[in-house]
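J.: Per mature numbering (1 follows the signal peptide of the UniProt record, and there is no 0), the sequence shown runs over residues -18 to -1, 1 to 268.
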Amino acid sequence: MLVKVRLSIVSLLALNEGDSSFTIDAFYNISWIDPRLNYKFNFSEIVTLDSNWKSKLWVPDIYFRNSQTLTVLNFFQPIQFFEIRPGNNVTMVVRLNSKLSCNMDLFYYPQDKPQCFIDIVSLTFNSRKLQIDFENFEVDISTTFPKCEVTKYWIENCTKVVNSEKFSCVRGVIRFYRRFSYYFLRIYAPSFLVVIISFAGFWIPVLGWPARVALIVTPLLSLVTMGIQINSEINVSYVVALHIWMMFCDFFVFMCLIEYAIAISYAWYVEDTNSKTTAANVMMMR
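Here you go:
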């Protein structure tokens, strides 16, 4: 049996680096021919049935293999219906909301280009009994979210052999591009300005320690807070490009603190040396 799939993504709701997932709002159509149906059609007649007929019709057991959660949208009743056309052609149309896993390599984050996919596969029927064909796959790129935009999407074959059985599988791939302006205004620009503020301490007299300490410790605490927020968002166990940027920012601010410690120690050393020299000169004059 051949099952034709059409997936039209109306909206991309989220791309979550923390749990490596993305969420879609889509229309999901599958079509197949059921020779067991016995209905006499008029010419070009289409019979529409509501979701209550799902238990009375045979429906292919195909699903999103990488789906974590899936919900059929419901307005007074589920947005799901069937169309039966001449030739025993059955089409099921569903409006759904699904959260799917996406294996993202965040090493270059946020300059990376994550690539997520939607695998559609049969649960029990192997490829000898059921073949899946991606008839149409489209993404409405005008409804993307602030952090990312869709640059490209395409279809692939993902048929695999499981326990010596081949299962038909089709894949829709979506490539995202992160908007650098979002991360520049939210992370790069604030952290850069924080480092510049800490450099202002170099123009304050060495003995003006309250102002100097405030101009160093406050930026350091701000950078630590930003780092905690970043880690909570991406939640990975390896170093990414943004970690390196934040590490250099922390390093420069920390070196400002080390510089002040050396400068004030040297100032006290010079003052102590001058006081000893003055005392020695006074003793010699006596």
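We treat Cβ as the ideally placed atom computed from N, Cα and C, and that holds for glycine. Since the structure is predicted, the reported quantities are computational estimates derived from the model, not experimental observations.
Would you check if the segment 26 to 46 and the segment 120 to 133 touch, i.e. whether three or more CB-CB distances between them fall below 8 Å?
T.: Contact fails: fewer than three Cβ-Cβ distances are below 8 Å.
J.: Taking only three categories from DSSP, how would you classify Lys111?
T.: Start at 1 with the first residue of the sequence shown, and residue 111 comes out as number 129. DSSP places Lys111 in coil when its eight states are reduced to three.
J.: Between Ala245 and Val188, what straight-line distance do the alpha-carbon atoms span, to the nearest angstrom?
T.: Within the sequence shown, the letter at position 263 stands for residue 245. Within the sequence shown, the letter at position 206 stands for residue 188. Going from the Cα of Ala245 to the Cα of Val188 covers about 7 Å.
J.: Take Lys95 and list the residues in its own chain whose beta-carbon comes closer than 8 Å to its own, dropping the five residues that flank it on each side.
T.: As a first step, residue 95 must be located in the sequence shown, where it is residue number 113. For Lys95, where only same-chain residues beyond five positions count, the Cβ hits under 8 Å are Thr133, Arg157, Phe158, Tyr159 and Arg160.
J.: Consult DSSP for Tyr251 and reduce its assignment to one of helix, strand or coil.
T.: Stepping through the sequence shown from its first residue, residue 251 is reached at position 269. Helix.
J.: Starting from Gly209, follow the alpha helix (DSSP H) in both directions and report where the run begins and ends.
T.: As a working note, residue 209 is residue 227 in the sequence shown. Counting along the chain, the alpha helix (DSSP H) containing Gly209 begins and ends at Trp191 to Ile216.
J.: To the nearest whole angstrom, what separates the beta carbons of Phe63 and Asp32, a pair I think is in contact under 8 Å?
T.: Along the sequence shown, read from residue 1 onward, the residue named residue 63 stands at position 81. Along the sequence shown, read from residue 1 onward, the residue named residue 32 stands at position 50. Going by Cβ atoms, the distance from Phe63 to Asp32 rounds to 6 Å, so yes, they are a contact pair.
J.: Taking 7 Å as the cut-off, is the CB of Phe230 close to at least one heavy atom of the ligand ATP?
T.: Among the components of this structure there are no ligands whatsoever, and the ligand ATP is therefore not found.
J.: I'd like to check one pair, Asn71 with Ser2: are the Cβ atoms closer than 8 Å?
T.: Here residue 2 corresponds to residue number 20 of the sequence shown, with the count starting at 1. Here residue 71 corresponds to residue number 89 of the sequence shown, with the count starting at 1. No.
J.: For Ser33, which of helix, strand or coil comes out of DSSP?
T.: For the purposes of this step, residue 33 is identified with residue 51 of the sequence shown, where counting begins at 1. DSSP places Ser33 in helix when its eight states are reduced to three.
J.: Note down the Cα distance separating Leu(-12) from Ser13, rounded to an integer number of angstroms.
T.: Residue numbering aside, residue -12 sits at position 7 when the sequence shown is read from its first letter. Residue numbering aside, residue 13 sits at position 31 when the sequence shown is read from its first letter. One C-alpha to the other measures close to 12 Å.
J.: Can you list, in chain order, the residues of its chain whose CB lies under 7 Å from that of Leu52, leaving out five sequence neighbours each side?
T.: Within the sequence shown, numbered from 1, the residue matching residue 52 stands at position 70. Result list for Leu52: Phe46, Leu78 and Ser80, in chain order.
J.: Would you mind stating whether Val75 and Val54 have Cβ atoms separated by less than 8 Å?
T.: Here residue 75 corresponds to residue number 93 of the sequence shown, with the count starting at 1. Here residue 54 corresponds to residue number 72 of the sequence shown, with the count starting at 1. No, the pair does not count as a contact, with Cβ atoms beyond the cut-off.
J.: Which same chain residues end up closer than 6 Å to Glu147 when comparing Cβ atoms and leaving out the 5 residues on each side of it in sequence?
T.: The residue you call residue 147 lines up with position 165 of the sequence shown. Around Glu147: Asn108.
J.: For Tyr90, which residues from the same chain have a beta carbon less than 7 Å from its beta carbon, with the 5 sequence-adjacent residues on both sides left out?
T.: Position 108 of the sequence shown, counted from the start, is the residue given in the question as residue 90. Result list for Tyr90: Ala223, in chain order.
J.: Per DSSP, which one or two residues make a beta bridge with Cys231?
T.: Here residue 231 refers to the residue found at position 249 of the sequence shown. According to DSSP, which records beta bridges pairwise, Cys231 is partnered with nothing at all.
J.: Which residues does DSSP list as the beta-bridge partners of Trp14?
T.: Against the sequence shown, residue 14 aligns to sequence position 32. The partner list for Trp14 (beta bridge, DSSP) reads Val72.
J.: Output yes or no for whether 8 Å exceeds the beta carbon distance between Ser180 and Ile169.
T.: If you number the sequence shown from 1, residue 180 lands on position 198. If you number the sequence shown from 1, residue 169 lands on position 187. The answer is no: Cβ separation not under 8 Å.
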